[in-house]
Every structure is written in C-alpha cells, then in structure tokens.
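Chains as they are written, first to last, in my numbering: chain A, 3 to 299; chain B, 22 to 245. All C-beta atoms in this analysis are idealised placements derived from N, C-alpha and C, irrespective of residue type, glycine included. Keep in mind that this is a model prediction, so the values were computed, not measured. So the structure is just underneath, and the comments pick up after that.
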C-alpha cells in the first residue's frame with residue numbers, strides 16, 4: 003500500500019496550543035476527512051503537511067517526500083485550498099488560470115473551461131468582485147484543473163450555500179474517480195465529510211482521538227434505548243462510551259455494537275426497545291466528549 | 022541562475038506594479054523638468070517632488086508586495102505553489118529591488134544629467150545628490166528588510182515614519198557639512214572624504230540589510 007501522507011509523532015508547540023504526537027497515514031487513492039471542532043489542530047496539521055508551518059517534532063512525508071525539506075518537489079503534485087486563502091483581488095480569474103498554467107505543465111485547459119461553466123464563473127471578472135462562494139470555487143478550479151495527485155483542503159466548504167457546497171463536493175468526488183488521486187479534507191461539518199470520505203480521523207485539543215474506515219464507524223456505533231426496572235443494574239460491557247439515564251429510560255452509546263450486548267442487557271432484566279444507527283456527527287460528538295471526560299475528571 | 026518559480030513570482034509582482042512604476046517614472050520626469058527649468062522655486066519644488074516620488078514608490082512597493090501579501094491573505098496561495106520559503110524571500114527581494122532600482126536608477130541618471138547638463142543647477146550639487154539618493158535607497162532596503170522579517174504592518178509603518186523624519190535631519194546635516202556647503206553651490210565637483218564615507222556606509226548598510234533579511238527569514242519556522 004502506497005501512502006500519500008504519513009505523519010509520525012508530529013508535534014508543534016505554540017504558547018496556548020500544543021499539537022501532540024500526531025500519527026496519520028493516508029493511503030493513495032483514499033479520501034480522508036479530518037473532523038474536529040474549531041481550534042482542534044486541523045489547520046495546523048494541514049499547514050505542517052504543506053510546509054507552511056514547520057513541525058517541532060516528528061517526521062512528515064507527502065507523496066514520499068520529507069517535509070518541509072523537500073516541499074518544493076512535493077508541492078508540484080499537491081493542490082492546497084484553505085478557507086483563509088485569497089487570490090489577487092485586482093486580477094481576473096483568467097489571469098490566475100494563465101498564471102497557474104504557466105507553472106504546472108499538467109494544467110488541463112479543457113477541464114478548466116468545463117469547471118468555469120459548471121461553477122458559473124466568468125473568466126474576465128476580477129477576483130475582488132467575486133462572492134465568497136465564487137471565490138472558493140475559483141480557488142478550487144485552479145487546483146482541480148492541475149489534476150494534482152494529492153489535494154489538501156482546509157475547510158473549503160465553510161460559508162458556502164447548499165448549491166455551491168453541492169457543486170464543490172461533486173467536483174471533488176469526480177476528481178477521486180481516478181484511484182491514484184488522494185484527498186485530505188478538513189471540516190467541522192460532518193455532513194460534507196460523510197459524503198465524500200473513505201477514511202475518518204477525529205482530532206480534538208491537539209491530538210488524534212480516533213482514525214479509521216468511515217463505514218466501520220457507521221456500522222459499529224449504535225445508540226441503544228433501554229427500559230430498566232427499578233433495582234436492575236446494567237452490566238459493565240466493553241465499548242460502552244456513555245450511558246445517560248432518565249427515570250426508567252436509559253440511552254447507551256456504544257462504539258462497537260453487536261447483538262451479544264443486547265442479549266446481556268436483556269439477561270440483566272432490561273428491555274431493549276431500539277437500536278439506532280448514528281450519524282457521523284453524533285459519533286464525532288460522542289467520541290470527543292468521551293475523550294475529554296478523563297481530562298475533566 | 023534564477024530558479025523558475027522565483028522568476029514567475031518576480032514577473033507576477035512586476036505585472037501588478039506596472040502602473041505604479043510608470044506613474045513614478047512619469048512624476049519623476051516632471052520633477053526633473055521642474056528642477057531644470059530654472060528659478061529657486063521650481064528647483065526646490067522639483068527636488069521635493071523627486072524625493073517624494075521615490076519615497077512614495079518605495080513605501081507602495083513594500084506595502085503592496087510584502088505586507089499586503091499577509092493582510093490580504095494571498096500568502097497561502099503563493100506558498101501552496103512549488104516554492105521554498107528561501108526562494109520566496111529571494112523572489113520578494115529581487116522583485117522589489119528590480120522594480121525600485123529601475124525607477125531609482127532612471128531618476129538618478131536623470132538627476133545627474135540635469136545637474137551636469139543644465140546651467141541652472143551647479144555641478145557641485147552632484148555629490149550631495151548622490152548621497153541623498155543613496156540614503157533613499159538604503160531607507161527603502163531597511164523598510165523592505167523590516168517588512169520581510171517582521172511581516173508586520175505596524176513595524177513597517179514605524180520604519181516609514183522614522184526614516185521620513187530622519188531623512189530631513191540627514192538632509193540638513195549633510196548640506197551643512199562645511200566641505201559640502203563650500204562646494205555644493207559651485208560648478209566644481211568635489212567628492213570629499215565625508216561624502217565618500219557616507220556613500221560607502223549606505224552601500225554597506227544595503228548589503229547588510231539584504232543579507233540579514235535572507236538569514237532571518239531562513240530561520241523562520243512558521244510562514245503563516
């Protein structure tokens with residue numbers, strides 16, 4: 003398995019924030035969603051990947067190149083879009099397209115024209131006059147038309163209206179039909195991540211909480227509603243993340259549900275009246291709250 | 022040999038600054054016409070305009086190509102391109118110096134031509150003008166260095182205010198040096214030891230500032 007991205011024990015110290023021992027591996031051809039609340043360390047991690055911020059500890063490899071030392075070579079095949087990235091306001095989109103085309107021989111002019119039409123952009127319009135959504139789409143166009151092997155996207159859908167978000171996500175999904183193209187996509191919007199990701203990584207307070215296959219997350223996590231008679235104690239089961247009770251009703255969240263758990267609760271005298279799948283957002287919140295619990299204690 | 026991406030970034034800055042360059046050369050030409058027109062009022066007005074044009078161009082260039090890259094958040098876009106931080110610094114220094122030197126050089130040659138070619142301006146004014154033009158170039162390099170090292174609008178503005186304030190004091194000090202004052206109004210060009218020392222000091226300051234900028238930027242770990 004060829005890795006597009008590999009971070010080993012990567013750390014970065016700021017006065018009020020520490021990125022702690024980040025280990026992350028993204029195989030080639032995969033879409034990984036990096037989910038975390040604001041200030042979790044998503045942007046710092048992606049900036050380290052791009053060589054924009056240098057790690058204080060650990061090793062970073064992007065497309066087999068050590069970062070930041072080999073960033074000039076690595077960035078030839080990497081497209082980066084971030085929420086705080088701006089283009090030159092006084093220049094037109096056509097100027098930006100010509101500028102990028104002059105740097106990357108892989109620039110696909112025909113595909114760029116397709117994207118201009120699909121995104122509803124005008125090449126002769128100055129970037130300063132574009133709306134937020136148009137600016138994001140223009141930035142993404144400049145990356146997509148280069149057909150980079152790796153795309154690193156830092157909250158690209160933040161602030162987009164539903165139509166613009168759909169256009170952006172569709173184009174990203176189209177880009178990864180090529181099995182050698184990889185995307186690392188950060189967001190605190192789990193709906194976007196859920197749509198396009200193969201792999202999910204949860205990050206919170208500077209460390210990775212959990213990382214794995216998206217389908218496994220969705221398959222394993224369950225919310226179980228129980229009715230418990232007074233005096234009945236629930237058995238202690240592994241992988242129970244939280245138990246919230248109100249009167250005779252209890253809601254148990256588990257990170258690795260199987261039918262044996264329901265059998266155990268029934269045997270103890272509880273009635274299992276619902277086993278519900280969870281959305282990625284619910285899983286994310288439950289996982290983060292659970293990971294913070296020892297710190298709060 | 023200049024790396025490909027450094028060339029691309031220099032050309033980009035040239036493209037964005039083409040109108041200010043043309044404007045500065047045009048205004049500078051008007052200033053030189055005023056200086057050469059004769060009469061004390063035209064001479065002083067032309068000199069002030071020439072100095073103002075050069076200082077304003079320097080301030081504009083640094084603010085537009087270095088400070089604004091941070092405040093307008095175009096730096097992430099540039100640094101996402103296949104370029105290293107060292108190449109980025111080199112591109113910024115080269116682009117700025119080339120743009121400024123083209124205008125400064127053209128107006129310096131024009132100033133020299135006016136001083137030597139027009140009877141209305143004494144030839145002895147040339148060494149004084151050279152030192153003053155050198156000071157403007159050194160101040161520009163200081164502003165460029167501070168902007169690149171600190172990436173701070175506040176620091177850049179501080180340098181602009183300080184160098185403009187000190188420029189007048191420097192002008193007064195050099196003009197009142199006995200050896201300069203004695204020959205400046207005559208048609209004899211005298212390169213006194215003090216003036217040569219000032220020119221060498223300005224050149225040394227420029228070299229030091231640019232070298233320090235490259236060194237300081239190379240030590241930076243965070244570009245954003």
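Check                                                                                                                     : Outcome
Proximal residues of chain B, C-beta to C-beta of residue 77 of chain A below 8 Å                                         : 101, 102, 103 and 104
Residue interval of the beta strand (DSSP E) (run including residue 67 of chain A)                                        : 67-69
Buried or exposed by the 16-neighbour rule on C-beta atoms within 10 Å, applied to residue 32 of chain A                  : buried
Closest Cα partner of residue 167 of chain B within the set B:181, B:31, B:119 and B:212                                  : B:181
Residue 54 of chain A at chain B interface by Cβ criterion, 7 Å                                                           : yes
4-residue-minimum alpha helix (DSSP H) runs that sit fully inside the segment 153-182 of chain A, ordered along the chain : 164-177
Rounded straight-line distance, which links the Cα of residue 282 of chain A to that of residue 22 of chain B             : 52 Å
Below-7 Å beta-carbon distance, residue 82 of chain A vs any chain B residue                                              : yes
Spatial distance of residue 258 of chain A from residue 278 of chain A (CA atoms)                                         : 13 Å
Buried versus exposed call for residue 117 of chain B [16 or more other C-beta atoms within 10 Å across all chains shown] : buried
C-alpha distance - residue 27 of chain A paired with residue 284 of chain A, whole-angstrom precision                     : 24 Å
Residue 38 of chain A and residue 153 of chain A closer than 7 Å at C-beta                                                : no
Residue 105 of chain B - partner residues in DSSP beta bridges                                                            : Bridge partners of residue 105 of chain B: none, in fact.
Contact check, residue 120 of chain B vs residue 42 of chain B, beta carbons under 7 Å                                    : yes
C-beta contact flag for residue 88 of chain A and residue 94 of chain B at 7 Å                                            : yes
Where the alpha helix (DSSP H) through residue 73 of chain A begins and ends                                              : 73-76
Neighbour flag for residue 23 of chain A against chain B, beta carbons, 7 Å                                               : no
Under the three-state DSSP convention, the category residue 294 of chain A falls into                                     : helix
is_contact[residue 174 of chain B, chain A] using C-beta, thresh 7 Å                                                      : no
For residue 85 of chain B, the three-state DSSP class (helix, strand or coil)                                             : helix
Contact list for residue 95 of chain B against chain A, beta-carbon separation under 9 Å                                  : 87, 88, 89, 90 and 91
For residue 245 of chain A, three-class secondary structure by DSSP                                                       : strand
Short Cβ contact (7 Å threshold) for residue 49 of chain A with residue 13 of chain A                                     : no
Simplified DSSP state of residue 224 of chain A, which is helix, strand or coil                                           : strand
Top-ranked residue by Cα proximity to residue 254 of chain A, from A:65, A:122, A:288 and A:231                           : A:288
Cβ-based neighbour list, residue 230 of chain B, same chain, cut-off 7 Å, excluding 5 preceding and 5 following           : 162, 163 and 166
Buried versus exposed call for residue 65 of chain B [16 or more other C-beta atoms within 10 Å across all chains shown]  : exposed
Residues that residue 10 of chain A bridges to, as DSSP identifies them                                                   : A:61
Within chain A, partners of residue 82 of chain B - CB distance below 7 Å                                                 : Neighbours of residue 82 of chain B on chain A: none; closest Cβ ~15 Å, over 7 Å.
Residue 73 of chain A: contacting residues in chain B (beta-carbon distance under 7 Å)                                    : 105
Distance between beta carbons of residue 83 of chain A and residue 155 of chain A, contact taken as under 8 Å             : 5 Å
Cβ shell of residue 275 of chain A (< 8 Å), same chain only, five flanking positions each side left out                   : 227, 228 and 229
Contact check, residue 148 of chain A vs residue 109 of chain A, beta carbons under 7 Å                                   : yes
Interfacial residues, the segment 131-161 of chain A to chain B, with Cβ spacing under 8 Å                                : 141
Euclidean distance between Cα positions of residue 30 of chain B and residue 112 of chain B                               : 6 Å
Exposure of residue 186 of chain B, with buried meaning 16 or more beta-carbon neighbours within 10 Å                     : exposed
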